[in-house]
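Below is one structure, written out as C-alpha cells; comments come after it.
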Amino acid sequence: MNAKHITLSNTAAAAIADATRADGMAENKWAKTRDELIAIGVTASMLETENKGGDVELVNQVKAAIVMGFTKAEIAVLNKETKTLDDSDKLFKRTTQQKIGSKLARIRKLITEREEKDEDSTKTPMQLIQKLLDSVISKLEKLEGASFDIPRAIKDTKALKGSMPSV
Numbered sequence: 051m052n053a054k055h056i057t058l059s060n061t062a063a064a065a066i067a068d069a070t071r072a073d074g075m076a077e078n079k080w081a082k083t084r085d086e087l088i089a090i091g092v093t094a095s096m097l098e099t100e101n102k103g104g105d106v107e108l109v110n111q112v113k114a115a116i117v118m119g120f121t122k123a124e125i126a127v128l129n130k131e132t133k134t135l136d137d138s139d140k141l142f143k144r145t146t147q148q149k150i151g152s153k154l155a156r157i158r159k160l161i162t163e164r165e166e167k168d169e170d171s172t173k174t175p176m177q178l179i180q181k182l183l184d185s186v187i188s189k190l191e192k193l194e195g196a197s198f199d200i201p202r203a204i205k206d207t208k209a210l211k212g213s214m215p216s217v
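The sequence shown maps to residues 51 to 217 in my numbering.
Okay, here's the thing in C-alpha cells:
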C-alpha cells in the first residue's frame, strides 16, 4: 500500500463515468480520464490489487465511478442478489461485473503507458536502445514456432547489446 492516500476527485470520477458511458473509440475521453487521475497523483501501481500493493480504497472509488457510467439495467442487476436471478440475468450480471474489471484494467494500462513515456523522455538515446534490446530479448525468449533460429537471434541480440557502451 502506498503511503500517500488519494481520494478520487469529483472531476476524475466524472471523467471515468463519461469514458465508460462513451466507450468504443472515445479515446479522447479515456485520455482525459488518465490525465485527471495523474493530476491528482494516481499511479498505475495504486490501481493494482491489494496483493500487488494497490490502494484498495482508491480502487473501490474508481470501480464506483466506472459503475456510474453504466446503464440503469446494468446498475440494477449489480444491486440484486445473484441467487435471486434467473440464468440469463446471472449471465448479464457476470458480464457487467467483468466490464468493471475491464475498464479498471484499461485505466491502469493508460496510466502505465504515460508513466513509461514520461520515464523514457528522461533517458539518453543509448539508454532507450538498451531498453529496446532488453525488450526484444524478452519477446524472443517467449516466442514459439518461429520460422527462424530463435536461440541464434537471442544470442545475436545479446551480442549487439554487449557491444554497446554500458549506461
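Backbone N, C-alpha and C fix where the C-beta goes; we use that ideal spot for every residue, glycine too.
8 Å contact criterion, which residue i and residue j should meet: CB distance rounded
i: Leu128; j: Lys143; result: 7 Å
i: Phe120; j: Thr146; result: 7 Å
i: Ile88; j: Arg164; result: 6 Å
i: Ala69; j: Met118; result: That pair is no contact at about 11 Å.
i: Gln177; j: Lys211; result: Wrong, their Cβ atoms sit about 12 Å apart, outside the cutoff.
i: Lys102; j: Leu154; result: Contact flag wrong, Cβ pair sits at about 13 Å.
i: Ala72; j: Lys82; result: So it is not a contact: roughly 10 Å between Cβ atoms.
i: Leu183; j: Gln111; result: Actually they are not in contact, since the Cβ atoms of Leu183 and Gln111 sit about 40 Å apart, beyond 8 Å.
Coil, strand or helix - residue i by DSSP
i: Pro175; result: helix
i: Thr99; result: coil
i: Ile56; result: coil
i: Ser243; result: Only positions 51 to 217 of the chain appear in the structure, and residue 243 is not among them; the question remains open.
i: Phe142; result: helix
i: Asp136; result: coil
i: Leu182; result: helix
i: Ser152; result: helix
i: Glu194; result: coil
i: Glu77; result: helix
i: Glu232; result: Since the first residue of the chain shown is 51 and the last is 217, residue 232 is not available in this structure.
Endpoints, alpha helix (DSSP H) assigned at residue i
i: Ala64; result: 60 to 72
i: Pro201; result: 200 to 213
i: Ile90; result: Careful: Ile90 lies outside any alpha helix (DSSP H) and carries neither H nor E.
i: Leu108; result: 106 to 118
i: Leu128; result: 122 to 128
Sequence-distant residues of its chain with Cβ nearer than 7 Å to residue i (five each side left out)
i: Ile204; result: Ile187, Leu190, Glu191
i: Ala62; result: Glu86, Leu87, Ile90
i: Glu124; result: Thr146
i: Ala76; result: Ala69
i: Glu100; result: Val106
Contact set for residue i: own chain, Cβ-Cβ below 8 Å, skip 5 residues either direction
i: Arg84; result: Ile157, Leu160, Ile161, Arg164
i: Leu193; result: Ile200
i: Ser197; result: none
i: Asp170; result: Leu178, Lys181
beta-carbon residue i near the ligand NAP non-hydrogen atom, thresh 7 Å
i: Lys173; result: The model on display carries no ligand, and the ligand NAP is accordingly not part of it.
Same chain only: Cβ atoms within 6 Å of residue i, ignoring 5 sequence neighbours per side
i: Ala64; result: none
i: Thr174; result: none
i: Met214; result: none
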